[in-house]
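A short write-up of the structure that comes next.
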Amino acid sequence: MSFDSPPGIVTPPVEKYLNAILRPRNNVLNNLEKDAANNGVPIVGPAEGNFLSLMAMSCQAKNILEVGTATGYSGIWLARVAKENSGKLTTIEFDPSRAKIASKSFRDAGVADAVEIVRGDAKEEVPRLAKKYPGGFDLVFIDVGDKSLYAELIEPSVRALRVGGLLVADNTLWLGLVAVPSANGIETRNLREYNKRVYADERLYPVIVPLRDGVTVAIKLKNK
Ligand SMILES: C[S@@+](CC[C@H](N)C(=O)[O-])C[C@H]1O[C@@H](n2cnc3c(N)ncnc32)[C@H](O)[C@@H]1O
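Going left to right, the sequence shown walks through residues 879 to 1102 as the working numbering numbers them.
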């Protein structure tokens, strides 16, 4: 697996440039990148990891909710900012073996004291957390493997966010297929629906960033 954008989203020379200009990563991130490449773990990769940290810094995020932990790669990029701001990353994963690897990754990266792994199904856990902590999160990052959940996670995620907080979702250009009218696979349709609903939601001000597989970022403007 490579972290390059799928063909058609950005040109190969631009992709090469975006990856070459990145600062070196620590051993924990380097090892998780290698592990992802060897074992097909779908992590965000370094350019998007960098972007996630920037998003978290831009809203001075203390409390971050991540949906889809995998091995903890994107979580490290987010948790470092939360920890710096004396806050915490809450990250949801339903695969116990991945949650176990993530737990070790967070320890190795020195952020375990700023991370809570919620072992459960995002379908139930995001609404539960939104009810328990309405407006309690500064950033919600949706990267759950089951793309059919994306659209239904908008409502609880927006409830969980404070005004001024950011809703960030990965894979929203889906290999560029969302832009191909004849592409009608279930995941393409799910991601089109997510983008459509976010753009139609008056509480949100969104933009789709054509980084890697597409990242939709939206700021929460108001509660209603
Ligand atoms: C794309 S990976 C997350 C990658 C991670 N954000 C990163 O970049 O390092 C998606 C993860 O979502 C998990 N997942 C899929 N469906 C889920 C669900 N309904 N609830 C919780 N986790 C789920 C999968 O087990 C997988 O580890």
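We put the CB at the ideal spot given by N, CA and C, even for glycine.
No experiment lies behind these values; they were computed from the predicted model shown.
Along the chain, where does the alpha helix (DSSP H) containing Glu944 start, and where does it finish? If you look at Glu944, you'll find it isn't in any alpha helix (DSSP H); it sits in the beta strand (DSSP E) that goes Asn941 to Val945.
Using three-state DSSP, classify Leu1027 as helix, strand or coil. Leu1027 falls in the helix class under three-state DSSP.
Using the C-alpha atoms, what's the distance from Glu1030 back to Asn904? Distance from the CA atom of Asn904 to the CA atom of Glu1030, rounded to whole angstroms, is 36 Å.
When you compare the CB positions of Ala1038 and Ile1020, do they come within less than 7 Å of one another, or not? The answer is no: Cβ separation not under 7 Å.
Measure the alpha-carbon distance for Ser931 versus Gly953 and round it to whole angstroms. When rounded, the distance between both Cα atoms is 10 Å.
Pull up the distance between the alpha-carbon of Asn1101 and that of Ala1000, whole angstroms please. Between the alpha carbons of Asn1101 and Ala1000 lies a distance of about 22 Å.
Residue range of the alpha helix (DSSP H) that Lys894 falls in? That run of the alpha helix (DSSP H) goes Pro890 to Ala898.
Leu943: buried (16+ other C-beta within 10 angstroms of its C-beta) or exposed? Counting the other CB atoms within 10 Å of its CB gives Leu943 a total of 16 or more, which places it among the buried residues.
Taking the runs of the alpha helix (DSSP H) that are 4 residues or longer, which of them lie wholly in the segment 955-1029? Restricting attention to alpha helix (DSSP H) runs no shorter than 4 residues, the segment 955-1029 encloses them at 974-986 and 1000-1010, ordered along the chain.
Looking at Ile887: is its Cβ nearer than 7 Å to the Cβ of Gly1054? Between Ile887 and Gly1054, the gap from beta carbon to beta carbon is short of 7 Å.
Range covered by the alpha helix (DSSP H) that runs through Val1058: Neither: Val1058 is in no alpha helix (DSSP H) and is coded neither H nor E.
State the CB to CB distance for the pair Lys1025 and Ala992, rounded to an integer number of angstroms; the pair is presumed to be in contact (CB under 8 Å). Not quite, the Cβ-Cβ distance comes to about 28 Å (not below 8 Å), so this is no contact.
Excluding the 5 residues flanking Tyr1072 on each side, which residues of the same chain have their C-beta closer than 6 Å to its C-beta? Once the five neighbours on either side are set aside, the close Cβ partners of Tyr1072 are Tyr1028 and Ala1029.
Looking at the secondary structure, which residues open and close the alpha helix (DSSP H) in which Ala1047 lies? Going by DSSP, Ala1047 is part of no alpha helix (DSSP H) but of the beta strand (DSSP E) stretching over Leu1039 to Asp1048.
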